[in-house]
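>
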Amino acid sequence: MPQAPMPELTSSVKLKYVKLGYQYLVNHFLSFLLIPIMAIGAVELLRMGPEEILNVWNSLEFDLVQVLCTSFFVIFISTVYFMSKPRTIYLVDYSCYKPPVTCRVPFATFMEHSRLILKDKPKSVEFQMRILERSGLGEETSLPPAIHYIPPTPTMDAARSEAQLVIFTAMDDLFKKTGLKPKDVDILIVNCSLFSPTPSLSAMVINKYKLRSNIKSVNLSGMGCSAGLISVDLARDLLQVHPNSNAIIVSTEIITPNYYQGNERAMLLPNCLFRMGAAAILMSNRRSDRWRAKYKLSHLVRTHRGSDDKSFYCVYEQEDKEGHVGINLSKDLMAIAGEALKANITTIGPLVLPASEQLLFLLSLIGRKIFNPKLKPYIPDFKLAFEHFCIHAGGRAVIDELQKNLQLSGEHVEASRMTLHRFGNTSSSSLWYELSYIESKGRMRRGDRVWQIAFGSGFKCNSAVWKCNRTIKTPKDGPWSDCIDRYPVFIPEVVKL
Amino acid sequence: MGRSQEQGQGQGPIHSIRLSTVGAARPTETGTTHEPTGLDLAMKLHYLKAAYIYSPETARDLTVRHMKDSMFMLFDQIAWTTGRFSRRDSGRPYIKCNDSGTRFVEGQCNLTVEEWLSQPDRSVDEFLVYHQPIGPELAISPLIYVQLTRFKCGGLGLGLSWANIIGDSFSLFYAFNFWTKAITGETIHAPPPSRGDRRFQSPNPTVKDPVSVKQVDPVGDLWVTPNNKKMATYCFNLSVADQISPHFPVNGINSIPVFEIIAGIIWKCVAKVRAEPEPVTVTIIKKDPNDLKPNNAIRNSQVISSVQVDFPVAEATVEELVRSMGEAKDERFGIEEIGGSCDGNLDFVVYGAKLTFVDLSGEDLYEARVMGKSPDSVYCNVEGVGEEGLVVVYAAAKSEERGVTVTLPEGEMEMVKLEFKKCGLIAP
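Line by line, the protein sequences give chains R and L.
Residues 1 to 497 (UniProt numbering) make up the first sequence, in order.
Residues 1 to 428 (UniProt numbering) make up the second sequence, in order.
This is the structure we're talking about:
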C-alpha cells in the first residue's frame, strides 16, 4: 500500500522542479542569452592582447565633431524619453473609517428587527435568516444609527449625518497621518453610489475643511462598488496632467437612504450584506513623496460589460410592487461576474504575468485554435505575478468564485474573507480595509505587488496593481488595531442562529 | 385617580414614540447561556418598573445619542441581560446570550416637568415606563425596556421596565445608578461579573410549602399573570412625622420601623375593606442584609418572607401587627425548590399571591445623580401583580417622606382609599 502513493509523490515533486526550471529559463531568457555572448566577448578580448586592442581603437578615426553630435543625439533621445514617460503615481497613505461599537449590529438584533418589521411576511424573514447564516459576516458589523430604529427612519438629514460622520472621521485621520494641510489639496474625488445630495458630497467636504477655491473636485455617483478604482483611475489621469500635485479620494457608501423597506426577496439581499464604511486615500505625483509613499500604482485596467444586456440588468435598482425602491440582484450574478473577470484578466494578463506564463498561455491558445478545440484553456498562475490579492468583499459567493477561478489558496483570500467578517460589505471602500488587514498582519514588504479587483453594477470589473514602495510596519491605529490578534477566524459554512 | 394597569405602551400623554435597540459593545462568545435559578423562575410573571424624572436644568443638554452610548457601557457589564429566552428540550427556560439587545423607546410629552409632578396621583408615572411582557414569542422579547421621555421644558423622564426573572429591584437600582454614572461621564470600575453561585444565603433551609408563592394556571410562552380581576394602581407620598408617627407609640430613643408601620396601617385598611376572609397572611419582601453585592449584582436575592397572624387584623393595633412582622419567616429556600421543580414549566405568582409589602425604603433612589443632580421624582411599581395586591414603599425626594404605590383589584381601590383617608394617610 505505501508503495502506490510514493510514485505519485515523487512524480509531483519532479513536476514541481520541472515547472520551476522552465519558469527561470523563460523569465530570465535575455540574461541567459547575454551570458554566453559576454563570455565569448571576454574570451576574444583576452585572446587579442593589449596592443591589438589599441590598434583596433586607433583604426576607428574619431573626430571631435562626430563625437559631439553623437553625444548630443543620445542626450536628446534620453530627454525625450524621460519627458514622455508617464509620471509615477504614488499612494502616500490611506485611512479607513472604524465605526463606533454603538453602531454594532449582532445577528440576533438584525433578525429580531427583521421579524418585527416584516411580521406579516414570515417567508421573507426566513429568507433573510438563511442569507445571514451563510453570508460570512460576523457579529461586529455596523449599521448607521437611523437603521437601528424599528422601523428604520431614513430621512435625508439622517443620511447627511451618516455621510458627515464617516467621511469627516476618515479624512481627519488621513490629515493627521500624512501631515497634509487642507489648503494643500489639489484634487478631490468623492465616490458614493447611492446617495447624491445637492450640494454634492465633495462640496460638503470642501465646505468642512475650507479647501482652496481652485481645487479640482469631482463627485462620482451611481457607479457601484467598483467606483473606488474608477476614482483612482481618474486621479491618475488628472495627476498626469497636473504636475507636482496631490489628490484625495474618498470612497464610501451611505446606507441610510438605501435600506430596502419592502419584502421582495431578491431586493432584501443587500440589506443583509451592506454595512457602514468609508476610506480616504491620498495620492500624489510629487517626487518628494517618493520616500514616504506606501505604494506605487503600476497598472489600472477597467472593463465594462454594459454592452451585453444580461450584464447590464443583473444589478438593477427598481421599485417593487408596493412602490418601495430597492436593488434587484439577478440569479446570474456569479456567472456574469466570472465573465467580466475573464475579460479583465485578458487585458491585465499580458501586463503583469511573467514571460513563462504568457508563453504557456500563448501555446495553449494556439493549440486550442489550431490543433484541438477541446483542449482545456490554460489558466495563468497569477500567484506568480502578485504577492497579495484584495478581492472586493461583495459577498461570500464572490470570494469563493474568484478563489476557484484564479486557483488561490486560503491565505491569498484571507484579507477579503476577514474583511467581510469584521466589516461586512462596505462597497467601494472594502478594498482599502483588506489592504489595511494585510499591513496589520505585517505581511507587506517592499517590492510586493498587490492586485485589487472590484466588481460593480453595469457590469464592471476593475483591477488595480500596486507595488509596495517600502516595507510597512504594523500600524498602531487603524480599523484592525484592536482586533487583528483575533484574526484569522474560522468562518463556518452556516452559522447557527 | 387610580390608573388601570394595562399591558401596553406608555401612551396617553406621551406621543411620537420611536423604538430602537441598544446592546453591549463587545460580542459575547457564541453559545454562552445563562441559567435562571429556581427563585428566578418563580418570579417570571413579574416585571419591575421604575421611573426617574430629571429637571430641565439637569437634562436639557443630554442628547439621545449620548444616553444610548452610555447604555452600551452599562450592558457591557451585564451583556447576558441583552439575550433572549429559549427553552431546553425539557421545557426549562434559559437565556441565550446572543446580544439581541434592549428596547430603547423615545417619546415626547407636551407637559412640563412641573405640570407633570403637580398631578397628585403619582401613578401617572406609569406612562413613563414602556412595558411589554415576555412572549408570545420568547425569541424576540426583550427582557428590559428603557423609555426616554422628553418634556416640553427639556426635562427628562427615564423609565425602566425590567423582567423580575433577571434580578430584583435592588439589581435594577444598581444597574440604573451605573447608567447615570456613565451618562455623567464618570469612569466606572465595575468588578468583572463572576459566574459563580448566584444563590442567596438562607438561614432557614427547612421551610417547605411556602405560602408566599402561588401556582397559577399555565401561561405557556406569554408571561403575563392570569388575573380574573382588573388591577388598578394608586401612588401617593407620606410624611413620616405627620402621618406615620401618630400611629405608633414612641419608644424613646429607638427609631420607629417606618416600613412596618406603613405596612401595618395599610394591612388594617385592606382587612377592613375585605372583611371576609381577612388577609391573615401577608408577604414581606425586603433587601437581604447579608447580600454580597456588587459581585453578581444582578440577581434575585431579595428576602421573601411570610407573616401569619391568628387574630382578626381589622381590630388589631398597628403595634401588634408590627410585632408579628418581626417574626416573618424567610421562605426563599422553599420558593427556590418549587420554582425549579418540574423544570421550570410551572407558573407561579409571588407579588400578590398574598397581600405583599415590598420595602425599598433602604435604597437611596435619589443617589442616581445625572450631571451631579438628583432626580426630581422617582416612582416604583411592579407589573403582573396577583389579585391579593401589592404595596411598594420607597424613599421620596425628602428624607422624611416615603412614596407608596398600591396595586389592588379595581373594585377594592376606592374603598381602600376611603380607609386611607380615615387613617390620615391621604388627605380627604
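Where is the CB? At the ideal position from N, CA and C, for every residue including glycine.
None of the values given here were measured: they were computed from a predicted structure.
1. Residues of the segment 42-76 of chain L with a CB closer than 8 Å to any CB of chain R: list them in chain order, please.
2. Determine the direct distance from the alpha carbon of Ala-454(R) to that of His-304(R), and round the result to whole angstroms.
3. Beta-carbon of Thr-109(R) versus every beta-carbon of chain L: anything under 9 Å?
4. Would a C-beta distance cut-off of 9 Å place Tyr-52(L) and Gly-135(L) closer than the cut-off?
5. Between Thr-426(R) and Gly-277(R), how many whole angstroms is the CB-CB distance? I'm expecting something under 8 Å.
6. Is Leu-138(L) close to chain R? Criterion is C-beta to C-beta, closer than 9 Å.
7. Have a look at Ala-415(R) and Leu-20(R) and give me their C-alpha separation to the nearest angstrom.
8. Kindly list, in the order they appear in chain L, the residues whose Cβ is closer than 7 Å to that of Arg-160(R).
9. Using a Cβ-Cβ distance cut-off of 9 Å, determine whether Arg-332(L) contacts chain R.
10. Give, in chain order, every unbroken run of the alpha helix (DSSP H) that is at least 4 residues long and sits entirely within the segment 336-386 of chain R.
11. Near Gly-220(L), which residues of its chain fall below 8 Å by C-beta distance, leaving aside the five closest residues on each side in sequence?
12. My output table needs one value for Asp-125(L): the three-state DSSP class, helix, strand or coil.
13. With a threshold of 9 Å between beta carbons, is Pro-428(L) in contact with chain R?
14. Taking the C-alpha atoms as reference points, what is the distance between Ser-305(L) and Pro-145(R)?
15. For His-66(L), count neighbouring Cβ atoms within 10 angstroms of its own Cβ and tell me buried if that reaches 16, exposed if not.
16. Looking at Ser-429(R) and Ser-193(R), is the spacing between their C-beta atoms short of 9 Å?
17. Using beta carbons (cut-off 9 Å, strictly below), is Gly-8(L) in contact with chain R?
18. What residues from the segment 112-134 of chain R come within 8 Å of chain L, judged by C-beta to C-beta, listed N to C?
19. Below 9 Å between beta carbons: does that hold for Phe-236(L) and Ile-78(L)?
20. Can you confirm whether the segment 148-166 of chain L touches the segment 90-110 of chain L when touching is taken to mean that 3 or more C-beta pairs between the two stretches lie within less than 8 Å?
21. Within a Cβ cutoff of 6 Å, which residues of the same chain sit near Ser-330(R), ignoring the five residues on either side of it in sequence?
22. For Leu-45(R), collect the residues of the same chain with a Cβ closer than 6 Å to its Cβ; drop the 5 residues on either side in sequence, then sort them by chain order.
23. Beta-carbon within less than 6 Å of Asp-186(R)'s beta-carbon, same chain only, minus the 5 sequence neighbours each way: which residues are those?
24. Quick one, are the C-beta atoms of Tyr-149(R) and Ser-20(L) less than 9 Å apart?
25. So Pro-144(R) contacts chain L; which residues on that side make the cut at Cβ distance below 7 Å?
26. Taking all protein chains shown into account, decide if Asn-98(L) is buried (16 or more other Cβ within 10 angstroms of its Cβ) or exposed.
27. Within the 9 Å Cβ cut-off, does Val-101(R) reach chain L?
28. Run the CB neighbour count on Ile-53(R), radius 10 Å, all protein chains shown included, and call it buried at 16 or more, exposed below.
29. Here's a check: name, in chain order, each residue in its chain whose Cβ is nearer than 8 Å to the Cβ of Ala-385(R), leaving out the five neighbours to either side.
30. For the segment 163-189 of chain L, list every residue whose C-beta sits within 7 Å of some C-beta in chain R, in sequence order.
31. Does the beta carbon of His-148(R) come closer than 9 Å to any beta carbon on chain L?
32. Using a Cβ-Cβ cut-off of 9 Å, state whether Val-22(L) counts as contacting chain R.
33. Please report whether the beta-carbon of Pro-479(R) lies at a distance below 9 Å from any beta-carbon of chain L.
34. Buried or exposed: where does Arg-103(L) fall if 16 or more other Cβ atoms within 10 Å of its Cβ makes it buried?
35. So that I know if they touch, is there some Cβ in chain B lying closer than 9 Å to that of Tyr-47(L)?
36. According to a CB-to-CB cut-off of less than 8 Å, which residues of the segment 246-261 of chain R neighbour chain L?
Result, derived from the coordinates:
1. Contacts with chain R (Cβ-Cβ distance below 8 Å) from the segment 42-76 of chain L involve Arg-65, Lys-68, Asp-69, Phe-72, listed in chain order.
2. Within the first sequence, numbered from 1, the residue matching residue 304(R) stands at position 304. Within the first sequence, numbered from 1, the residue matching residue 454(R) stands at position 454. Straight across, the Cα-Cα distance linking His-304(R) with Ala-454(R) is about 12 Å.
3. For the purposes of this step, residue 109(R) is taken as residue 109 along the first sequence, with counting starting at 1. So, interface residue.
4. Mapped onto the second sequence, residue 52(L) falls at position 52. Mapped onto the second sequence, residue 135(L) falls at position 135. Taking 9 Å as the cut-off, the beta carbon of Tyr-52(L) is found no closer than this to the beta carbon of Gly-135(L).
5. The sequence position of residue 426(R) within the first sequence is 426, counting from 1. The sequence position of residue 277(R) within the first sequence is 277, counting from 1. About 3 Å; that satisfies the 8 Å criterion.
6. By 1-based counting over the second sequence, the position of residue 138(L) is 138. Chain R contact via Cβ: absent.
7. In the first sequence, the residue the question calls residue 415(R) occupies position 415. In the first sequence, the residue the question calls residue 20(R) occupies position 20. Straight-line measurement puts the Cα of Leu-20(R) at about 27 Å from the Cα of Ala-415(R).
8. Mapped onto the first sequence, residue 160(R) falls at position 160. From the beta-carbon of Arg-160(R), no residue of chain L is found nearer than 7 Å; the closest lies around 15 Å away.
9. Reading the second sequence from its first residue, position 332 is the one you call residue 332(L). The beta carbon of Arg-332(L) does not come within 9 Å of any beta carbon belonging to chain R, so the residue lies off that interface.
10. Correct list: 355-366.
11. One-based indexing of the second sequence puts residue 220(L) at position 220. Once the five neighbours on either side are set aside, the close Cβ partners of Gly-220(L) are Gly-135, Pro-136.
12. Working through the second sequence from its first residue, we reach residue 125(L) at position 125. DSSP places Asp-125(L) in helix when its eight states are reduced to three.
13. On the second sequence, residue 428(L) is found 428 positions in, with the first residue counted as 1. Put simply, the CB of Pro-428(L) is far from chain R, with every gap to its CB atoms at 9 Å or more.
14. Mapped onto the second sequence, residue 305(L) falls at position 305. Mapped onto the first sequence, residue 145(R) falls at position 145. Annotation: Ser-305(L) to Pro-145(R) spans about 46 Å, alpha carbon to alpha carbon.
15. Taking the first residue of the second sequence as position 1, residue 66(L) is located at position 66. So His-66(L) counts as exposed.
16. Sequence index remark: in the first sequence, residue 193(R) carries index 193 (1-based). Sequence index remark: in the first sequence, residue 429(R) carries index 429 (1-based). No; because the gap between Cβ atoms is not below 9 Å, this pair is not in contact.
17. Mapped onto the second sequence, residue 8(L) falls at position 8. Confidence at Gly-8(L) is low in this model, with a pLDDT of 39, below 50, so the placement of that residue should be treated as unreliable; the coordinate-derived value is given next. No, because no Cβ of chain R sits closer than 9 Å to the Cβ of Gly-8(L).
18. If the cut-off is 8 Å between Cβ atoms, the segment 112-134 of chain R has Glu-112, His-113, Arg-115, Leu-116 near chain L.
19. Counted from its first residue, the second sequence places residue 236(L) at position 236. Counted from its first residue, the second sequence places residue 78(L) at position 78. No Cβ-Cβ contact shorter than 9 Å links Phe-236(L) with Ile-78(L).
20. With the cut-off at 8 Å, the segment 90-110 of chain L and the segment 148-166 of chain L touch.
21. For the purposes of this step, residue 330(R) is identified with residue 330 of the first sequence, where counting begins at 1. The residues are Cys-314.
22. Here residue 45(R) corresponds to residue number 45 of the first sequence, with the count starting at 1. For Leu-45(R), same chain residues with a beta-carbon under 6 Å away, outside a window of 5 residues either side, do not exist.
23. In the first sequence, residue 186(R) corresponds to position 186, counting from 1. The answer, listed in chain order, is Ser-245, Asn-246.
24. Numbered from its first residue, the first sequence carries residue 149(R) at position 149. Numbered from its first residue, the second sequence carries residue 20(L) at position 20. The answer is yes: Cβ separation under 9 Å.
25. In the first sequence, counting from the first residue as 1, residue 144(R) sits at position 144. The contacting residues do not exist; Pro-144(R) stays about 12 Å from chain L at best.
26. Taking the second sequence and counting its residues from 1, one reaches residue 98(L) at position 98. Flag for Asn-98(L) reads buried.
27. Translated into the one-based positions of the first sequence, residue 101(R) becomes position 101. Judged by the 9 Å Cβ criterion, Val-101(R) is in contact with chain L.
28. Taking the first sequence and counting its residues from 1, the one referred to as residue 53(R) is at position 53. Per the 10 Å Cβ criterion, exposed.
29. Here residue 385(R) refers to the residue found at position 385 when the first sequence is read from its first residue. For Ala-385(R), same chain residues with a beta-carbon under 8 Å away, outside a window of 5 residues either side, are Val-352, Leu-353, Pro-354, Glu-357, Arg-449, Trp-451 in chain order.
30. Within the segment 163-189 of chain L, no residue qualifies.
31. Counting from 1 along the first sequence, the entry for residue 148(R) is found at position 148. Put simply, the CB of His-148(R) is near chain L, with a gap under 9 Å to one of its CB atoms.
32. Numbered from its first residue, the second sequence carries residue 22(L) at position 22. Taking Cβ atoms only, chain R reaches closer than 9 Å to Val-22(L), which makes this a yes.
33. Position 479 of the first sequence, counted from the start, is the residue given in the question as residue 479(R). Taking Cβ atoms only, chain L never reaches closer than 9 Å to Pro-479(R), which makes this a no.
34. For this step, residue 103(L) is matched to residue 103 along the second sequence. Buried: at least 16 other Cβ atoms inside 10 Å.
35. Although the question refers to chain B, the structure presented lacks it and instead comprises the protein chains R and L.
36. Flagged: no residues at all.
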